[in-house]
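*Asks:*
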Amino acid sequence: MKLKTLLLLILILFLINGCATWSYSGIDRPEGESQISYEPTKAENITITALDITDKKYKVIGDITATVNKTTVFHADPTRELVNKKLKEEAAALGADAVVLVRYGKSGMGLLTWGSMEGKGRAVKYIS
0 MKLKTLLLLI LILFLINGCA TWSYSGIDRP EGESQISYEP TKAENITITA LDITDKKYKV
60 IGDITATVNK TTVFHADPTR ELVNKKLKEE AAALGADAVV LVRYGKSGMG LLTWGSMEGK
120 GRAVKYIS
């Protein structure tokens with residue numbers, strides 16, 4: 000009887016978990032002058048690039064990280080587009096105009112995920 004209850008509980012938890020996806024992000028701001036706060040911007044206006052921007056002057060706001068996780072084996076694998084969306088959301092909250100030097104990495108399965116994709120970049124604000 001206990002085994003049936005345990006198996007039923009595991010099945011219910013698996014089914015509930017199958018309806019959820021999750022992601023997280025973080026900000027690493029440099030010390031000193033870069034602690035200035037900016038007005039939030041719109042995420043759709045943020046430029047994402049793997050290269051540096053050399054035709055405009057900018058100020059570094061901070062390094063940002065975003066991770067998108069695949070919760071179950073049935074979910075689609077995380078994509079760069081999903082990671083870019085999270086990076087844009089973080090950058091917009093900081094008031095950035097662009098995220099430069101973006102790089103991506105994948106990690107394998109873990110205790111709570113069937114795979115994930117991480118993106119890192121530098122949030123910048125254009126100056127005149």
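Heads up: the sequence shown at position 26 corresponds to 25 in numbering that gives the first Met the number 0, and the numbers run straight through without jumps. Note that CB positions come from ideal geometry on N, CA and C, so glycine has one too.
(1) Classify residue 41 as helix, strand or coil using the three-state DSSP reduction.
(2) Just the Cα atoms here: how many angstroms apart are residue 37 and residue 92?
(3) Compare the Cα-Cα distances from residue 117 to each of 79, 90, 94 and report the closest residue.
(4) From what residue to what residue does the alpha helix (DSSP H) around residue 91 run?
(5) Pairs of beta-carbons, one from the stretch 63-73 and one from the stretch 41-51, closer than 8 Å: are there three or more?
(6) Using a Cβ-Cβ cutoff of less than 7 Å, which residues in the same chain neighbour residue 51 once the five nearest sequence positions on both sides are dropped?
(7) So, helix, strand or coil for residue 64, using DSSP?
(8) For my contact list, residue 40 and residue 76 are in at a C-beta cut-off of 8 Å; report their separation, rounded to the angstrom.
*Replies:* Answer, in terms of the structure:
(1) On the sequence shown, residue 41 is found 42 positions in, with the first residue counted as 1. Coil.
(2) Locating residue 37 in the sequence shown gives position 38, counting from the first residue. Locating residue 92 in the sequence shown gives position 93, counting from the first residue. Near 9 Å, if we compare the C-alpha coordinates of residue 92 and residue 37.
(3) In the sequence shown, counting from the first residue as 1, residue 117 sits at position 118. The residue with the shortest Cα to Cα distance from residue 117 is 79.
(4) What you label residue 91 is simply residue 92 of the sequence shown in a count that begins at 1. Here the alpha helix (DSSP H) through residue 91 covers 79-93.
(5) no
(6) For the purposes of this step, residue 51 is taken as the residue at position 52 of the sequence shown. Closer than 7 Å at Cβ, skipping near neighbours: 99, 100.
(7) Translated into the one-based positions of the sequence shown, residue 64 becomes position 65. In the structure shown, residue 64 sits in a strand (DSSP, three-state: E or B).
(8) Along the sequence shown, read from residue 1 onward, the residue named residue 40 stands at position 41. Along the sequence shown, read from residue 1 onward, the residue named residue 76 stands at position 77. In fact, because the Cβ distance is near 29 Å, the residues do not count as touching under 8 Å.
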